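Since the structure comes first, as structure tokens, the remarks are kept for the end.
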Ligand code: GDP
Ligand code: ZN
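Residue numbers (our numbering): 40 to 488.
Below you can see the structure in the form of structure tokens.
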């Protein structure tokens, strides 16, 4: 995909903001070797760690640390790269960065290192996106799946499908050169069978990508119910030891009452809400308003009921206000007080679970039910991470394959549908990706990546 980029030199602090044992300033571009000479007194041997003094313009010592020089194309970006590992104090990092900037580098934009890696064919677009997803993964399973995408598992499956699609398309286009024999060619070549085969493979890929997307996005579950029914206790119970790793992901606003937990590696944003009841208290009313707003963006609701009283008029009123298509589960809590056993019941197509948040009885039933509500299907095989953008592209491919199946007797239209399917599929790995989309993808990285 290599597109010519203005070959300037960029630099940034590559490690997280704040104090750390080690901090890394990364430099990429043609001036890297010159900057190494100036800061280190000499450019270290290619790809060898060298313990050296890092010198400021006046010759004074900034720090002593490890320098590694990677001449292009064998580097992260494909360009000449210099990595300076110093002590990770923010003030020290700033001095070291300023020194590199004074030697002709400019401050890198967010995601610019990875963007250059992509432009220099070190990574395809799905892999480049996976770099950000590895960094921002909320659970261990999400991190593993992002690494699988980064190492190319997703891209390879896209590529296999793409190859079948291209072979089919070449065959159909070859038929176009012999118009009088069109129909024969199409039937003899078994185009329908091949097309159906591609379509089945696409469905499989789409299903895996949906699972991967679930690991990336997680699900938002809102706890609703009257005050004192046990919402906060349930939140704590669910969190237990399964608290996920919360990372600051650009663009996500975090609700103060939301907590990120995980069930079998699927991130779950559990939103504890103000108890819903009629009240004259202004602060409480504001909390209740927030509850209704949280429900608008939720993927599922847990409706808590006190098992001692069962469903009352209050719960019926809450139910009436819930978005009609919001998946939900009734949770009868405090069964220790009503002397019931943990269980799951289906009433009028709705699931009712009987649990004790305080003692933990029945919580495993709830966890499994939440995974089911989320659409999580443990496949046993490793999941790769996928983004909404990928799911959308796969839907477009699917649409064109279905159209293609309807156009078997019109080879020109068939060829056109196959071409559109191919374009949509290759947008995942970035062969046909408009510049503005690239800008959008890389601007969501943090600086230094
Ligand atoms: P919230 O107002 O809905 O958030 O309810 P809380 O979680 O604050 O719980 C209200 C009270 O009910 C507390 O005293 C809890 O200890 C108690 N509680 C919550 N769940 C259970 C349960 O399963 N069994 C019993 N016996 N008490 C519970
Ligand atoms: Zn509460």
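Backbone N, C-alpha and C fix where the C-beta goes; we use that ideal spot for every residue, glycine too. Treat the numbers as computed from the prediction; the structure is a model and nothing was measured.
Item                                                                                                                                                                    : Value
By Cβ distance below 8 angstroms, which residues in the same chain neighbour residue 76 in space, the five residues on each side in sequence not counted?               : 82
From residue 365 to residue 339, what does the alpha carbon distance come to, in whole angstroms?                                                                       : 6 angstroms
In terms of DSSP beta bridges, what is residue 308 paired with?                                                                                                         : 259 and 299
In three-state terms, what does DSSP make of residue 423?                                                                                                               : coil
Cβ of residue 441 versus every heavy atom of the ligand GDP: is any distance shorter than 8 angstroms?                                                                  : no
Taking only three categories from DSSP, how would you classify residue 41?                                                                                              : Legend: pLDDT at residue 41 = 45, less than 50; position of this residue unreliable, no value from coordinates given.
Sorted by chain position, which residues of the same chain lie with C-beta nearer than 7 angstroms to residue 92's C-beta, five sequence neighbours on each side aside? : 100 and 103
How do the stretch 366 to 375 and the stretch 342 to 349 stand: do at least 3 beta-carbon pairs fall below 8 angstroms, yes or no?                                      : yes
Pick from 421, 482 and 394: whose alpha carbon is nearest that of residue 408?                                                                                          : 394
Among 321, 209, 215 and 468, which one has its Cα closest to the Cα of residue 449?                                                                                     : 215
What residues are listed by DSSP as bridge partners for residue 126?                                                                                                    : 61
Look at the alpha carbon of residue 87 and the alpha carbon of residue 107, and state the distance between them as a whole number of angstroms.                         : 6 angstroms
Quick check: the Cα distance between residue 251 and residue 481, rounded to an integer number of angstroms?                                                            : 20 angstroms
In whole angstroms, what is the alpha-carbon distance linking residue 288 and residue 308?                                                                              : A caution first: residue 288 carries a pLDDT of 42, below 50, which makes its placement in the model unreliable, though a value can still be read off. Spanning the two alpha carbons is a distance of roughly 14 angstroms.
Name the two residues that bound the continuous beta strand (DSSP E) containing residue 153.                                                                            : Residue 153 -> not in any beta strand (DSSP E); alpha helix (DSSP H) instead, spanning 151 to 158.
Cutting at 7 angstroms between CB atoms, please list the residues of its own chain near residue 442, excluding the five before and the five after it.                   : 456
Using a Cβ-based criterion (distance less than 8 angstroms to any ligand heavy atom), does residue 488 qualify as near the ligand GDP?                                  : no
Could you check if residue 233 belongs to the surroundings of the ligand GDP, using beta carbon to heavy atom distance under 8 angstroms?                               : no
I'd like the list of long-range same chain contacts for residue 434, defined as Cβ closer than 6 angstroms, with 5 residues on each side in sequence excluded.          : none
Run through DSSP, which three-state label would residue 133 get?                                                                                                        : helix
Exposed or buried, what is residue 385 when buried is set at 16 or more other beta-carbons lying within 10 Å of its beta-carbon?                                        : exposed
Would you call the CB atoms of residue 486 and residue 266 closer than 9 angstroms?                                                                                     : no
Taking only the alpha-carbon atoms, compute the straight-line gap between residue 478 and residue 311 and give it to the nearest angstrom.                              : 36 angstroms
Considering only the alpha carbon of each residue, which of 211, 276, 361 and 239 lies closest to residue 446?                                                          : 211
For residue 210, list the residues DSSP reports as bridge partners.                                                                                                     : DSSP lists no partner for residue 210.
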